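Just so you know, the protein sequences line up as chains A and B, in that order.
Reminder that position 383 of the first sequence reads as 383 in our numbering, one-by-one numbering, no gaps.
Just remember that our numbering sits 1000 ahead of the position in the second sequence, which is counted from 1.
These notes concern the structure reproduced below.
Number of protein chains: 2
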Amino acid sequence: MKAMAKVRIVPLGGTNHVTRNMFVYEYWPDQGEIERIVVDCGIGFPEEEMLGVDLVLPDVSYLQGKEKTLIGAIFTHGHDDHIGAIPYIFPKLFSNLRALPLFASRLTAGLIESTVKDFGLNLNINVTEDNTLYKLGHFSFELVPVTHSVPDTKHVLIYTPIGTFYHGSDFKFDFTPVDGKAADLQKMALAGKKGILCLLSDCLRVEKEGFTPSERLIEETFEKEINNCQGKFIVTTISSNIHRIQQAVNVAARHHRQVVFLGRSIEENLKVAQRLGFFKIPQNVYLKKQKINTIADHKLCLIVAGSQGQEDSALVKIANNIHERVKIKPGDKVIFSVDPIPGNENAFYQTIDKLSKLGAIVSYSDILEDLHVSGHASSGELKIFLSLLKPRYLVPIGGNFRHMNHFKNLSLNLGFNKESTLILRDGQIIAFDETGKVHFEEILDLKTVIVDGLGIGDVGRIVLNDRKKMSEEGIVVVVIPLKRDKKRLLAEPEIISRGFVFMRMAKDLIQEAKMIVRKILERRKNLEDWQEIKNEIEKELQLFFFKETQREPMILAVIININFPKI
Amino acid sequence: MKAMAKVRIVPLGGTNHVTRNMFVYEYWPDQGEIERIVVDCGIGFPEEEMLGVDLVLPDVSYLQGKEKTLIGAIFTHGHDDHIGAIPYIFPKLFSNLRALPLFASRLTAGLIESTVKDFGLNLNINVTEDNTLYKLGHFSFELVPVTHSVPDTKHVLIYTPIGTFYHGSDFKFDFTPVDGKAADLQKMALAGKKGILCLLSDCLRVEKEGFTPSERLIEETFEKEINNCQGKFIVTTISSNIHRIQQAVNVAARHHRQVVFLGRSIEENLKVAQRLGFFKIPQNVYLKKQKINTIADHKLCLIVAGSQGQEDSALVKIANNIHERVKIKPGDKVIFSVDPIPGNENAFYQTIDKLSKLGAIVSYSDILEDLHVSGHASSGELKIFLSLLKPRYLVPIGGNFRHMNHFKNLSLNLGFNKESTLILRDGQIIAFDETGKVHFEEILDLKTVIVDGLGIGDVGRIVLNDRKKMSEEGIVVVVIPLKRDKKRLLAEPEIISRGFVFMRMAKDLIQEAKMIVRKILERRKNLEDWQEIKNEIEKELQLFFFKETQREPMILAVIININFPKI
């Protein structure tokens, strides 16, 4: 029997995460070579329990050894969770990076270049135009303009011999966007009319009723807030939200304030955006940060990175009153044009509290409306989106399980049948055959690939579990010097702890623990089986410390073997 | 010159925390003994950076040695942040616990007894009546009924020779409370008319416009939700919210479902509340948890602890599908009648996600309104409160700095002058003299007293910093066995790490580190100054590991001195 051709979608960043987006579309012809294209390659953010971890990456082990079948990569927009993993993943996957054509809109391409700059990668990036068909083997694709919280965001229409796929990652419908470039609803309708086999759709904000407000709303808020500001006008927001920053600049200029940018991420992003025409600031409005103290406070507007209260950010330095150039004075106003990321509320509100203590008037979403709007589609927009595209199959992406569930409910309300919406388990590969029917194929066992310092993937579950244990109760190290030949103790066992109890206050406790170790060693007839001795010591000390302190530090017994004659 | 009499307020739990409430009111007569009464004695919850810490306590070192001057303690309500520190603090402060009279309303007294039960304390608790004057030395006081998220909550009117104080801790104005016992606004007005020198007022929810909705609202929501529930109806909420649980029971009973309680905190609280008449459940509605599997799912209502997604809670066991009695089936419904505590969103939403994956229909605030109401007064209620009491001075309590700031703004809008509202730094003692004038006296240097396991106060900044460091990058232990007399290395240095790198993958790294240690030891002419050697080894390894891995584990060098002849 002749094999049928098929198209497979492989979600390498998983399917129920908001971040680390990476998808592979595969064309399996009935005969001949498989062709693969990549859509996005983003980092993830570590979960709370991943102590000390910097970043998380998609797991690309599936692609190892398949380099030759990869014929292109497309990027939807310039957020880190869509482009940030390129410098970690691409050099390991490709022996010749120039051989792989990358496709991205003008700003996205600029932000990719800025992202890989420090890594010294030589990429082959092609800047795309809208409404232009690009061919990659049996695939062809075009980019559909949409709106999001970074300019120049696109969706991807992917044409294959099997049918058309619509890759609808992060978006909203902003009908009055700051740059006037709204989403192309007509294009969507036409594509829908021609027939979409499968839509992959952002579902993160499906729980919200109605429509996500327009970004343009924010300028009015800034206008109101700057009006009664006597001192410095300070705005903090997400560094990649170019339009938000543009609006702050517009308002500052109208009020004859000069604008200073503080924080590496904001400065870098604006440099790219300005060079490519996505951000404009009049010469007489821009002020170098070195000149900040030459201008009166009521003539200043500062745009500052660190809106989530990140350690070491410019804003947190200001809040801690240790910034080299900026001191808060009573009358200064700080606008948080952002919501706290779930789980990050403590750092966020601590920063607000510190700024308030220094005398700043602080505006944030709890006390003032219209300070922030989301970049994701609410249920109203999703209803329009689905009605324009009318795909045969729907796959919610970029959300957690509960969002995917709600997306399915929304599709049922719109008249899609139960089988249309595919809620995929993490790593689930799906395939569409020549009749357009979907098949659930293998489930990849995706690992959480961790970046910690320079190491990629060398921190695993064991290391993380150790960190967690030590973070909660500390560590107790027991050193046991043994004479190698005679198998006996050579000196008093040594006990040192860190993060457990304050040693000087716990002398008795440590003395007792030493006694326990001595007794174990005396009880044993021979001291040959070190592993067994170690285990016994660790177990008994664990029990002893728990009984005495109700704490369970990590116990680490180290046996040192000393061989007299040799040294 | 004769000293003037005065009343001092000493905030031992600090002034800009939401939790660990503990205030001391002091009467300093112009001659004779000082008299002190305590209001509340609550625990605090550890901040994010306090790794592994169980609880935080008020710092009572100010009271040490002042036992004889303490003549009574009053408790406003039964939440842990108002009564939970009693078992930790009172036994250390008082040689004879029975000598100190404690005053609390009926339910609060019951919850105090339940709190101290495991500690075996023999307290002298007096159950108070409303509108009854109690005398304590020169003080007298009466309790004013208010509404909050635990029944039988009170404010305290404290009469002193200097003037009247109103201790207005946690409250809201629920005009239609579930138990019909509304706040006594007339009492407040009369007290205000007679003259309040200083009001201490809850300010936590001052940022919210309008009025906090009535608790009664929730019953309608439960009613709507149970109506279309095919399987088990599962409600989770804060364990002390007796009225919330009462409403769930009422709805379950109307729908002929039997109610099972799961989780120690809920079971304990309800036992107390039921015994004292604050909670009612018909015999034929209550079901023992052991019988849960004898009843059909659509005849069951489970009230489950763990609404914040706490580890080891009944709800999280259910979500992880490891609960000994309860398995989620499609059609079961879980109602989160609670909002996530700021900073706790991850655990909260993970639990929702896991329950959804098991097939439960999950309702929570993001997708359904009126699932939770706060126990704290919004700005509308605070305006009424201040207008009834019209105090000369106002002190916002139970909030962070930003809430105190807003409270001051609110008071200005009501016509109070700028000097009326006192925003106190942490530990700031204030005194009122015979003319009623306020004085800022000393500022206590309040420590964060940490409870970790059985230890109180033995975990300090050093231990916590060590935990943080190890949590992020792990630890590397270097053991150096030295010959005591000859001052030379007796065996190969041993290097062990935990939470840093996976040892088996990092053999080369460890070998290189050993070389570095050997070189340092060889370079040194004598090995006498162990401390210096340790420091040098720790410093060099720090640099080496950072260069190689961009990580900074804690380095712990242990020198073992071995003395041949003696052993």
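Yeah, the Cβ is synthetic: ideal placement off N, Cα and C, and Gly gets one too.
Note that this is a predicted model, so its numbers are computed, not measured.
Not a single C-beta of chain A is nearer than 8 angstroms to the C-beta of leucine 1424 of chain B.
Cβ neighbours of leucine 1355 of chain B within its own chain (closer than 8 angstroms, five residues either side excluded): Ile1318, Ala1319, Ile1328, Val1334 and Val1362. For asparagine 1241 of chain B, no beta strand (DSSP E) run applies, since DSSP gives it neither H nor E. Per DSSP, reduced to three states, the secondary structure at arginine 1008 of chain B is strand.
Taking CB atoms only, phenylalanine 211 of chain A has no neighbour in chain B less than 8 angstroms away. If you ignore the 5 residues before and after serine 313 of chain A, its C-beta comes within less than 7 angstroms of the C-beta of Gly263, Ala305 and Gly306, all in its own chain and listed in chain order. Judged by DSSP secondary structure, leucine 217 of chain A falls within the alpha helix (DSSP H) whose first and last residues are 217-227.
With respect to the 8 angstroms criterion, glycine 1072 of chain B and leucine 1055 of chain B are not classified as neighbours on the basis of their beta carbons. In chain order, Val1018, His1376, Gly1398, Gly1399 and His1403 place their CB closer than 7 angstroms to the CB of leucine 1204 of chain B, counting only its own chain and leaving out the 5 sequence neighbours on each side. For the pair histidine 1372 of chain B and valine 1326 of chain B, the CB atoms are not nearer than the 8 angstroms cut-off.
Excluding sequence positions up to five before and after glutamate 267 of chain A, its CB lies within less than 6 angstroms of the CB of Phe261, all in the same chain and listed in chain order. Per the C-alpha coordinates, the member of B/Gln1531, B/Ala1557 and B/Leu1509 positioned closest to glutamate 1548 of chain B is B/Leu1509. Nearest CB-CB separation between leucine 490 of chain A and chain B: below the 8 angstroms threshold. For leucine 464 of chain A, the closest of A/Ala3, A/Ala5, A/Val53 and A/Tyr25 by C-alpha to C-alpha distance is A/Val53. Contact annotation: isoleucine 496 of chain A and leucine 1556 of chain B have beta-carbon atoms nearer than 8 angstroms.
DSSP places phenylalanine 1173 of chain B in no beta strand (DSSP E); its state is neither H nor E. Closest in C-alpha terms to serine 95 of chain A, from the list A/Leu70, A/Asn561, A/Gly78 and A/Val476, comes A/Leu70. Taking the beta carbon of asparagine 561 of chain A as reference, the chain B residues within 7 angstroms of it are Ala1491, listed in sequence order. The beta carbons of tyrosine 25 of chain A and isoleucine 218 of chain A sit no closer together than 8 angstroms.
Setting aside the 5 residues that flank it on each side, leucine 444 of chain A is surrounded in the same chain by Tyr62 and Gly427, each with a C-beta closer than 6 angstroms to its C-beta; the list follows chain order. Proximity of chain B to serine 356 of chain A at the Cβ level (cut-off 8 angstroms) is accounted for by Phe1401, Arg1402 and Asn1405, in chain order. If you keep only unbroken beta strand (DSSP E) runs of at least 3 residues inside the region 1496-1539 of chain B, you get nothing at all. Contact between the region 179-193 of chain A and the region 408-422 of chain A is absent: fewer than three C-beta pairs spanning the two stretches fall below 8 angstroms. With its beta carbon at least 8 angstroms from every one in chain A, tyrosine 1286 of chain B lies outside the interface. For proline 151 of chain A and glutamate 324 of chain A, the gap between their C-alpha atoms comes out near 32 angstroms. Listed along chain B are Gly1453 and Leu1454, each with a C-beta nearer than 7 angstroms to that of glutamine 550 of chain A. At a cut-off of 8 angstroms between C-beta atoms, aspartate 130 of chain A does not count as an interface residue with respect to chain B.
Counting along the chain, isoleucine 1196 of chain B sits inside no beta strand (DSSP E), nor does DSSP assign it H or E at all.
Residues of chain A whose Cβ lies closer than 8 angstroms to the Cβ of methionine 1470 of chain B are, in chain order, Arg467, Met470, Ser471, Gly474, Ile475, Arg498 and Gly499. Look at methionine 1554 of chain B: its C-beta is under 8 angstroms from a C-beta on chain A. Setting aside the 5 residues that flank it on each side, proline 1282 of chain B is surrounded in the same chain by Ala1253, each with a C-beta closer than 8 angstroms to its C-beta; the list follows chain order. A straight line joining the alpha-carbon of valine 272 of chain A with that of serine 239 of chain A spans about 12 angstroms.
Here the C-alpha atom of leucine 410 of chain A lies approximately 13 angstroms from the C-alpha atom of isoleucine 1367 of chain B. Only Glu47, Glu48, Leu51 and Gly52 from the region 27-61 of chain A bring a Cβ to less than 8 angstroms from some Cβ of chain B. Asparagine 346 of chain A reaches chain B at Glu1047, Glu1048, Pro1342 and Gly1343, counting residues in chain order whose Cβ is nearer than 8 angstroms. Using a Cβ-Cβ cut-off of 9 angstroms, valine 1127 of chain B is close to nothing in chain A; its nearest Cβ partner there is about 33 angstroms away.
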